[in-house]
Structures are given as structure tokens and as C-alpha cells.
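There are 2 protein chains.
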Amino acid sequence: METLPIGDFAARSGVAPSALRYYEREGLISSTRTGGNQRRYLRSELRRVAFIKIAQQVGVSLDEIRDALAELPENRTPTKADWAKLSAHWRGRLEERIAIMERLRDQLTGCIGCGCLSLQRCNLINPADRLAARGAGPQMIVNPPR
Amino acid sequence: METLPIGDFAARSGVAPSALRYYEREGLISSTRTGGNQRRYLRSELRRVAFIKIAQQVGVSLDEIRDALAELPENRTPTKADWAKLSAHWRGRLEERIAIMERLRDQLTGCIGCGCLSLQRCNLINPADRLAARGAGPQMIVNPPR
DNA sequence: CTGCAACTTAAAGTTCACTTCAACTCAAGG
DNA sequence: CCTTGAGTTGAAGTGAACTTTAAGTTGCAG
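Sequence lines, in order, name chains A and B.
Under this note's numbering, the residue at position 137 of the first sequence is numbered 137, and the numbers go up by one with no gaps.
In this note's numbering, each residue's number is its place in the second sequence (first place is 1) plus 146.
Quick look at the structure:
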């Protein structure tokens with residue numbers, strides 16, 4: 001099967017060789033080796049790296065990404081269905097994150113605009129005082145009540 | 147004027163005293179001192195800290211936040227209008243970030259779902275190949291063409 | 001077969017955003 | 001006054017996510 005050396009794989013994935021080696025040490029991706037111990041990457045690994053980059057954009061740590069990728073089958077190249085399952089999972093994450101941002105956007109203008117950005121009173125930060133028990137700070141935005 | 151010692155200020159802002167000292171060293175916030183060299187914070191500093199926390203949520207570095215805050219008047223307590231100006235600026239940032247996330251959400255399902263997440267071909271990553279000159283990787287999502 | 005770019009490793013270094021530590025001083029209630 | 005909790009400093013430590021370095025090895029074009 002056609003494989004790529006690390007330089008080519010780096011170019012195609014947009015991730016530096018050093019980062020790829022790091023990901024491998026951390027168990028996020030894998031490679032086979034040539035007789036001379038050089039890495040060769042399957043094309044299917046590009047999907048993994050793409051997923052890693054996208055997840056990072058959403059603000060997920062490599063630890064969590066590793067856990068997510070662990071759900072893909074180990075013995076065979078992941079199928080469309082395998083990725084679709086992961087995809088559904090991450091759509092949820094994304095929606096969550098978008099919701100945080102939108103709350104931020106919708107309230108920031110009014111709130112900073114009116115000069116009320118005062119953490120304890122502002123409804124951006126602590127609407128209706130229902131979050132006192134959850135500690136100080138912008139709880140509402142980061143960790144909103146369901 | 148009424149001021150707060152660092153402990154109270156930390157409690158009200160939801161930021162640890164050590165972080166507040168760090169922010170001050172880094173030029174993001176300021177305080178006055180008592181005769182015995184202890185910090186006293188103006189209430190208006192709470193707005194600054196709130197802004198810092200919100201900007202961090204959007205993924206902005208402290209460096210950039212400092213630059214933004216530098217646009218507030220130094221000699222007087224910022225007015226509603228001062229904050230409104232900053233607010234407008236940051237609404238832009240937020241919108242941008244939300245747009246990235248939404249592109250991600252709208253395309254992730256189809257793209258990962260169809261198994262095409264392959265960085266060079268996928269329209270999530272590199273639609274119509276118009277981004278080749280901007281380097282490899284998920285350019286489309288992170289840094290879309292206008 | 002040779003030369004040289006591309007690869008290998010372990011270990012140390014970097015940046016960001018803090019936290020922790022040690023040694024000390026201040027402020028305020030009893 | 002005295003105790004004690006809160007505050008002060010500079011310096012070192014932390015963890016995440018990599019990058020850089022040094023010293024050596026491999027693979028392919030000519």
C-alpha cells in the first residue's frame with residue numbers, strides 16, 4: 001500500500017514533522033516503519049490529523065482528542081461509519097461552543113456598552129443570581145444553566 | 147473612594163490573587179497601594195478583569211488583550227462610551243470566531259460523515275483549491291477567504 | 001558506489017498563563 | 001500590645017503543546 005514519509009505527510013497535513021512525532025509519542029496517531037526505521041504514514045492517518053486539528057480549533061485538549069480517537073477501531077482502517085459516529089459526537093461539542101460564543105456576542109454589546117460589566121451584578125455574568133453556589137466569575141457564559 | 151484589598155477583589159472577580167498580581171506585572175490591570183504597600187483595587191478594575199476573562203474565552207492571548215485595553219484612557223476611569231468602543235471592536239472578533247465554528251459545524255458532519263476528511267481534497271479544508279498558496283492544512287476554516 | 005537531503009532518537013528548551021514557595025511585613029480584633 | 005490572617009516580593013515550579021539541538025543513520029539520484 002502506498003505510504004508517505006514524514007516530510008510529505010507533514011506537507012500534506014500542514015503539521016510539522018516534530019509535531020507528528022510528538023503526536024505519535026502521545027498515542028494520537030501511528031505509523032509503520034521501513035527496514036531502516038523510518039516512519040511511513042498511511043493515507044488514512046491524514047484523516048486522524050485533520051480531526052486533531054479541527055478538535056483543537058474547538059478548544060479541546062490533546063488528552064481529550066486521544067480519548068475520542070480511541071473509539072475508532074484499532075485493527076482496521078476506520079470506515080465512513082466509524083468517522084460518522086465520531087463526527088456526531090463532536091458536532092455536539094461544537095454546538096456547545098458556538099452557543100457559548102453566541103451568548104457572549106448577544107450580551108457583550110449591551111453589557112459592556114452599558115458599562116455594567118461588573119461581574120457580580122451584570123446579567124451577562126450572573127443572571128438572576130442563580131449561580132452564586134457555582135463560584136464567582138463569568139459562570140453564565142462558560143458554564144450556563146441547562 | 148472605596149477600594150478593595152486583593153482578597154476581596156479576587157473573590158468578586160473570580161480570579162486568584164496570584165493571577166491578579168500576574169496581570170498587574172504584565173500591565174493588564176493596576177492598583178493603588180496603602181501606606182504599608184498593600185494593593186487596593188478600584189471597583190472599575192472589575193470591568194477590566196471581566197473583559198480579560200471574556201476575551202480569553204474567545205481565545206485571545208493576554209498580549210492582545212493588553213493591546214486592546216491600552217486603548218482605554220489612562221488618566222481617568224473609562225466611561226460607558228470608552229467601553230462601548232472596545233465592545234464594538236470585540237464584537238467583530240467574536241463574530242469572526244463564531245463564523246469559524248459555524249463553518250466547522252456545517253461542514254464537519256458531511257465531511258467526516260462521508261469519510262473524505264483528507265486535507266487536500268475535502269472542501270471543508272480546501273474548497274476549489276483556491277488556498278494552495280496559503281499553505282497546507284485546514285486553511286479554509288481557520289482563515290477563510292473574504 | 002557516493003553524496004547529501006531527509007530521516008532517527010533522547011533530551012533540553014520555549015511560550016503561555018499561571019501557581020507555589022520561602023521569607024517576610026501589615027492590619028485589625030481581642 | 002499581641003496574635004494571626006492577609007498581604008508583599010522574587011524566584012522557582014507547572015502543564016500543555018510543541019520545537020530545537022546534537023549526534024548519528026537511511027534512502028535515493030546521479
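Glycine is no exception: its CB is placed at the ideal position from the N, C-alpha and C atoms.
Quick caveat, the model's predicted, so the values are computed rather than measured.
Cβ-Cβ distance between residue i and residue j below 8 Å
i                 : j                 : result
Ser159 of chain B : Leu192 of chain B : yes
Arg48 of chain A  : Ile29 of chain A  : yes
Thr149 of chain B : Arg179 of chain B : no
Leu218 of chain B : Asp228 of chain B : yes
Gly153 of chain B : Pro163 of chain B : yes
Arg171 of chain B : Met101 of chain A : no
Tyr152 of chain A : Ile52 of chain A  : With chain A covering only 1 through 146, there is no way to say anything about residue 152 of chain A.
Gln202 of chain B : Pro151 of chain B : no
Ala11 of chain A  : Leu20 of chain A  : no
Interface flag, residue i vs chain A, CB-CB below 8 Å
i                 : result
Val206 of chain B : no
Gln203 of chain B : yes
Leu215 of chain B : no
Ile152 of chain B : no
Ile175 of chain B : no
Leu254 of chain B : yes
Arg237 of chain B : yes
Ala162 of chain B : no
Leu265 of chain B : Summary for Leu265 of chain B: the model assigns pLDDT 39, below 50, so the residue's position carries little reliability, and this model does not support an answer.
Beta carbon proximity, residue i to chain B, threshold 8 Å
i                 : result
Ser87 of chain A  : yes
Arg40 of chain A  : no
Leu20 of chain A  : no
Leu94 of chain A  : yes
Leu104 of chain A : yes
Arg97 of chain A  : yes
Ile65 of chain A  : no
Ile52 of chain A  : no
Simplified DSSP state of residue i, which is helix, strand or coil
i                 : result
Arg194 of chain B : helix
Cys268 of chain B : Residue confidence is low: Cys268 of chain B scores 48 on pLDDT, short of 50, so the model does not pin down where it sits. No coordinate-derived value is stated.
Arg186 of chain B : strand
Pro73 of chain A  : coil
Gly137 of chain A : Annotation note: pLDDT 42 at Gly137 of chain A (below 50); position unreliable, coordinate value reported separately. Three-state result, Gly137 of chain A: coil.
Span of the beta strand (DSSP E), counted from its first residue to its last, around residue i
i                 : result
Leu174 of chain B : No beta strand (DSSP E) holds Leu174 of chain B; DSSP gives it neither H nor E.
Thr180 of chain B : Taken as a continuous stretch (DSSP letters only), Thr180 of chain B belongs to no beta strand (DSSP E), as it is neither H nor E.
Residue interval of the alpha helix (DSSP H) (run including residue i)
i                : result
Ala11 of chain A : 6-13
I'd like to know if the segment 93-112 of chain A and the segment 225-239 of chain B are in contact, where contact means that at least 3 CB-CB pairs between them fall below 8 Å. Three or more beta-carbon pairs separated by less than 8 Å link the segment 93-112 of chain A to the segment 225-239 of chain B, which places the two stretches in contact.
Determine contact between the segment 201-208 of chain B and the segment 218-228 of chain B, defined as no fewer than three beta-carbon pairs at a distance below 8 Å. Taking one beta carbon from each stretch, the segment 201-208 of chain B and the segment 218-228 of chain B have fewer than 3 pairs nearer than 8 Å; the two do not touch.
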